[in-house]
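The numbering of the sequence shown is this note's numbering, which starts it at 492 and goes up by one.
C-beta: ideal position from N, C-alpha, C; glycine also.
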Amino acid sequence: MSVAIASTSLTAPASASETRAIMGSILTDAADPAEIDAKCDSYMEAIAARRALLERGEGQPSIETTLAAYDQMKALINAGQGEFTLYQQVLGTPELRDAGAACQVRLSTVDSELNLSRPIYDRLSAIPTEGADDQARFMLYEVLDQYRRAGVALDDAGRARAQAINEELSQISTEFARNIAEDQREITVRPEELEGLPADFLAAHPTGEDGLITLTTAYPDYRPVMRYANSDELRRRFSEVYAQRAYPQNDPLLKRMFTLRQELAELLGRPNYAALVLEDKMLDTPEKVETLIADMAAIARPVAERDYARNLEVLQQYRPGATEIRYWESGWLAPKAQEYFYSYDPQEARQYFTYDLVRDGVLKLTEDLFGVTISHWDTPVWHEDVETYEMADADGTVIGRFYFDNHPRPGKYTHANMIPIYPGVPGEADEVPVGALVQNLPKGMHETGLMEHGDVTTLLHEFGHMLHGMFGGTQQWFGHAGISTEWDFVEAPSQMLENWVYDYDTLATFARNAQGETIPRELVDKMNAARYFDQGAGDMGQLGYTNVSLQFHMRPVPEDLGAATRGWANEYLMAPMPDYVQFQDAFSHLDGYSAIYYTYRWSKVIADDLFTRFTAEGLRNPQTAADYRRAVLAPGGTKPASELLRDFLGRDVSLDAYREELEKGLVD
């Protein structure tokens, strides 16, 4: 498949439709690296044309010309980064994935150059705002603030150094991600070591000619083994292999990354990179994040200690005399403790969650809640596993299109994420937002597609990001489209949506076993009784990772990254990381999220508060869902997140709902 995109030479600002047309269509596995390179060239040429127009600076700068041209140029960069990230994550050969990664570097480089362009900044800062509407004023304020934080006020040498740092960081990011994706390790085990694993897992892992079974560190192998294998030695051995993915190759990359980020912060007059990266967030200083960590730990620790004591009680039945829970025992103990204290067996629930039915159930929930229709989208795909959909509003107007690439395969991205690809254009029916879910879930129906309830939660969570991108994906300004709010807010809508997979009426629409029987209400009641068990420990673990993320960006680079990671995490983990854990080298958020992994915990606080309206007014209340879509999702980034929340809740966010939710774990 080939893509032909006309080269663009501008003498006047392009329209939003012309900008979107340059993006073209998605390439597939049928492409070759040269086609990816050529499409990247098309992006770069279009960006360069807009850049030249802006830097040439003809005429009086204005909202309608200067800011519009800037917005369209940034839209091309952002769309390209989404598209070529997709290629890096999903295409079928290393050469294709590397071509996608190479274009990401090119786009990141030009983006950094533009953020330091003094001529463009001077033009933008000279725009008169008299008579401009609120969205245009807010857009201009955000753009100018971004320039100042990037270092546009530095002298020529300072801007050159900032640019060089950003270019090197982009290269490091690509290599760091590649090392994680491609370092899939294997172990071999005797069949008897898999005692406790579900029958479908055993059927999918036949014995080889040598009498052994091969397991990989991919999620569909690792998670079930760590959760259900009765062999303590297997779980310890497997955890050691898993905990050293991308080690040691990512250690020097991380050291260089942290060093460069600190240099950039100092160049820009900040004490550390955490201070720099937090300035445009809801929690805009390291001190506010440290306060959040302390406040959440004060709430979570008593609940986590209760969880730990109960888990230890169960462990002592299997390991008499045990006085502590070891790192590789935590995941295995959780389902046993849930069964012991709440008569809830996750494997019993698992038989009701098959991929095909769960997927359809998530789509149906969306239709019911938000009054939309989701149907098949006829478009080429890059792999036979990819599913395609389009979403239409109640009046039949298509408002978004998306891909599901939800099953694992060699070389593919190993976690779960939503990739915004193209934004929508106001008034253009064929130019709606486009995105992709890239996950690693079991495939098919009952024989092969059985999912853990946690997998169901993950699917709905990631699709929540897609909904945010679709509902907010068409705005007056590309820079406000989709998930363009403060970064420490973007997880909240998805975390709030997770509550629906604990609701019986929702589960009853899709949770059926191989005999077609609907999940029993009594089983869902048990699931909900067990739901809060281990949440305290889970939150303490997340606070540990949050601490790692923050400390690496506030302190000098440690000589031993693994020891530092374990030390900072173990301040919060209930089952400490042993010395073999090199968690940092596969902790991809250290790249993308840098110092702001706290986003997930802060978003949990927001999500719990958002859900209070649904709890009070009904999970299927169409008016509440409509208010939520209108006030929180549809605005995209047109308002600060604090205003979106006040529009929906009628007040500011507090920790009260989080405290009430977590303390349910203290109730017998």
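When the alpha-carbon of Ala1148 is set against those of Asp1100, Tyr638 and Gly935, the nearest one is in Asp1100.
In the DSSP assignment, Ser616 falls within the alpha helix (DSSP H) that extends over Arg609 to Ser616. Annotated as proximal: Gly926 and Met957, with beta-carbon spacing under 9 Å. If only complete runs of 4 or more residues are kept, the region 624-702 shows the alpha helix (DSSP H) at 625-641, 647-673 and 690-694, in order along the chain. In the DSSP assignment, His867 forms a beta bridge with Tyr880.
Excluding sequence positions up to five before and after Arg792, its CB lies within less than 8 Å of the CB of Gly1027 and Met1031, all in the same chain and listed in chain order. Between Ala734 and Tyr1071, the C-beta gap is smaller than 9 Å, which places the two residues in contact. Comparing alpha-carbon positions, the option among Arg669, Thr1056, Met1065 and Asn1019 lying closest to Tyr835 turns out to be Asn1019. For Tyr799, the enclosing alpha helix (DSSP H) begins and ends at Pro777 to Tyr809. Residue pairing of Ile704 in beta bridges, as defined by DSSP: Val680. Counted as a single uninterrupted DSSP element, the alpha helix (DSSP H) harbouring Gly1083 occupies residues His1080 to Gly1083. In the three-state reduction of the DSSP assignment, Ala1125 falls in the coil class. Note that the C-beta distance between Asp723 and Trp819 is below 9 Å. When the Cα atoms are used, Pro552 and Glu633 turn out to be separated by approximately 17 Å.
Rounded to the nearest whole angstrom, the C-alpha separation of Ala521 and Ala709 is 25 Å.
Within the same chain, and ignoring the five residues on either side of Leu577 in sequence, the residues whose Cβ sits closer than 6 Å to its Cβ are Ile910 and Ala927. No Cβ-Cβ contact shorter than 9 Å links Leu998 with Lys746. In the assembly as shown, Thr845 is a buried residue. Its beta-carbon has 16 or more other beta-carbons within 10 Å. When DSSP assignments are scanned along the region 1077-1117, the uninterrupted stretches of alpha helix (DSSP H) that are 4 or more residues long and fall wholly within it turn out to be 1080-1083 and 1090-1108.
Taking one beta carbon from each stretch, the region 855-868 and the region 896-906 have fewer than 3 pairs nearer than 8 Å; the two do not touch.
Per DSSP, the unbroken alpha helix (DSSP H) holding Leu824 starts and ends at Ser821 to Tyr833. By the CB criterion at 9 Å, Glu919 and Ala507 fall inside the cutoff. Cβ-Cβ distances below 6 Å link Val1123 to Leu1135 and Phe1139 in the same chain, with the five nearest sequence neighbours on each side left out; the list follows chain order. Between Asp876 and Asp896, the alpha-carbon positions lie close to 7 Å from each other. Val1158: not part of any beta strand (DSSP E); DSSP gives it neither H nor E. Met909: member of the beta strand (DSSP E) spanning Asn908 to Tyr913, first to last residue. Separation of Gly583 and Ala540 (C-alpha to C-alpha, rounded to the nearest whole angstrom) is 33 Å. In the structure shown, Thr845 adopts extended strand secondary structure according to DSSP, grouped into three states. Linking Ile816 to Val1158 through their CA atoms gives a straight-line distance of about 22 Å. Per DSSP, Ala709 lies in no alpha helix (DSSP H) and is assigned neither H nor E. As summarised for the region 502-557, the continuous alpha helix (DSSP H) elements at least 4 residues long and confined to that stretch are 507-514 and 524-547, given in chain order. Contact between the region 680-697 and the region 629-644 is absent: fewer than 3 CB-CB pairs across the two stretches fall below 8 Å.
Tyr894 carries a strand assignment under DSSP once its states are collapsed to helix, strand and coil. Residue pairing of Ala927 in beta bridges, as defined by DSSP: Tyr894 and Ile910. In the same chain as Thr705, and ignoring 5 residues on each side of it, the C-beta atoms closer than 6 Å to its own belong to Glu677 and Thr679, in chain order.
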